[in-house]
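Below: the structure, in structure tokens.
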Amino acid sequence: MSALRIVSGALEDEARRETIYGGDLLVFEKVPAMVELCAYADARIREAFETDDPVMAQFGLGRDEYLSRVEALQKEFRSDGTARELFLAALGQVGVDLRRTFWDWLYLRVSPPGDEHAGRRTAGLGFHRDTWSSNVYAQVNWWAPIYPITAGRTVAFYPDYWERPLKNTSRGWDLEEIRSGRSDAPVVPGPTEQVDTASGLRPVIEPGDLLLFSGAHLHASVPNETGVARFSVEVRTVDAGDAADGRGAPNVDGEAPRVASGWFRHVQDGTPLPAVGSATKRGVE
Numbered sequence: 013m014s015a016l017r018i019v020s021g022a023l024e025d026e027a028r029r030e031t032i033y034g035g036d037l038l039v040f041e042k043v044p045a046m047v048e049l050c051a052y053a054d055a056r057i058r059e060a061f062e063t064d065d066p067v068m069a070q071f072g073l074g075r076d077e078y079l080s081r082v083e084a085l086q087k088e089f090r091s092d093g094t095a096r097e098l099f100l101a102a103l104g105q106v107g108v109d110l111r112r113t114f115w116d117w118l119y120l121r122v123s124p125p126g127d128e129h130a131g132r133r134t135a136g137l138g139f140h141r142d143t144w145s146s147n148v149y150a151q152v153n154w155w156a157p158i159y160p161i162t163a164g165r166t167v168a169f170y171p172d173y174w175e176r177p178l179k180n181t182s183r184g185w186d187l188e189e190i191r192s193g194r195s196d197a198p199v200v201p202g203p204t205e206q207v208d209t210a211s212g213l214r215p216v217i218e219p220g221d222l223l224l225f226s227g228a229h230l231h232a233s234v235p236n237e238t239g240v241a242r243f244s245v246e247v248r249t250v251d252a253g254d255a256a257d258g259r260g261a262p263n264v265d266g267e268a269p270r271v272a273s274g275w276f277r278h279v280q281d282g283t284p285l286p287a288v289g290s291a292t293k294r295g296v297e
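In this note's numbering, the protein residues as written are 13 to 297.
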């Protein structure tokens, strides 16, 4: 059974990866560079919304204006060198060997409450495993809130599905087809059967903490009905050695037609992750 573990300080790199591949979730408390990143992101967010209360900015802006500012902020953050260096420093502080590490990009997620300001840039994600789309089972996900969160505005995990297959649309999901306009598939593959949410886990962590979990975990955005917006940062990383050697989380139900090695680039020199083979699905059909 997956467990949520609290960690103070760094963990040895290989031991940490094996723990994650085994299904546990780790929370690294008060990572110094993450504390700095939260303060830096807060300043950028305040500038973008021209307010001292960013989590309530949606109440002072119409939908189109709010979404326009979100889009501009996200684009700026994705290419922000300071944010990038702070996040890499945080990874190093928890024990990640950056020489072996590839990532996609640093993403600032904005989740306003309710539906009034809903849009492509603010949409939550339904039940999914990241590996349904990436097909890279050495992929791990890092997630951190910028402001205090509650169980009503966080990410939910369903550990009962760690080794339990769930019927899904990964077999017919192909990002290249979506980008070319030849497919109207959703942004991420989803389940085709009802999810049993009894095992749902909603971690509530503090700004400056860093949550780590396998991309093979079934998870979803918690629908935000709290009246307060959620701002968080996330990134996905892959250890090149593990990917090359076939180490990673189990594949219980993924059937993606491609392995998305090209999504990931070296955190320091930007070279692409070498092509890796797909994981063999195991479990009950």
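Where a beta carbon is used, it is the ideal one built from N, C-alpha and C, also for glycine.
Asked                                                                                                                                              : Found
Hey, could you find the ends of the alpha helix (DSSP H) P44 is sitting in?                                                                        : P44 to F61
For G72, count neighbouring Cβ atoms within 10 angstroms of its own Cβ and tell me buried if that reaches 16, exposed if not.                      : exposed
Opposite T249 in the DSSP bridges: which residues?                                                                                                 : W115 and V152
When burial is assigned at 16 or more other CB atoms within 10 Å of the CB, is D127 buried or exposed?                                             : exposed
For a quick check, are the C-beta atoms of P203 and N180 less than 8 angstroms apart?                                                              : yes
The beta strand (DSSP E) with K169 in it runs from where to where?                                                                                 : It should be noted that the sequence gives Phe, not Lys, for residue 169. Here the beta strand (DSSP E) through F169 covers V167 to F169.
Could you give the DSSP three-state label for P203: helix, strand or coil?                                                                         : strand
Please report how far the alpha carbon of D257 lies from the alpha carbon of T249, in whole angstroms.                                             : 16 angstroms
Beta carbon of K42, beta carbon of G227: below 8 angstroms?                                                                                        : no
Under the rule that 16 or more other beta-carbon atoms within 10 Å means buried, what is R132, buried or exposed?                                  : exposed
Return the Cβ separation of A60 and R75 in integer angstroms, given the expectation that the two are a contact with Cβ distance under 8 angstroms. : Contact flag wrong, Cβ pair sits at about 16 angstroms.
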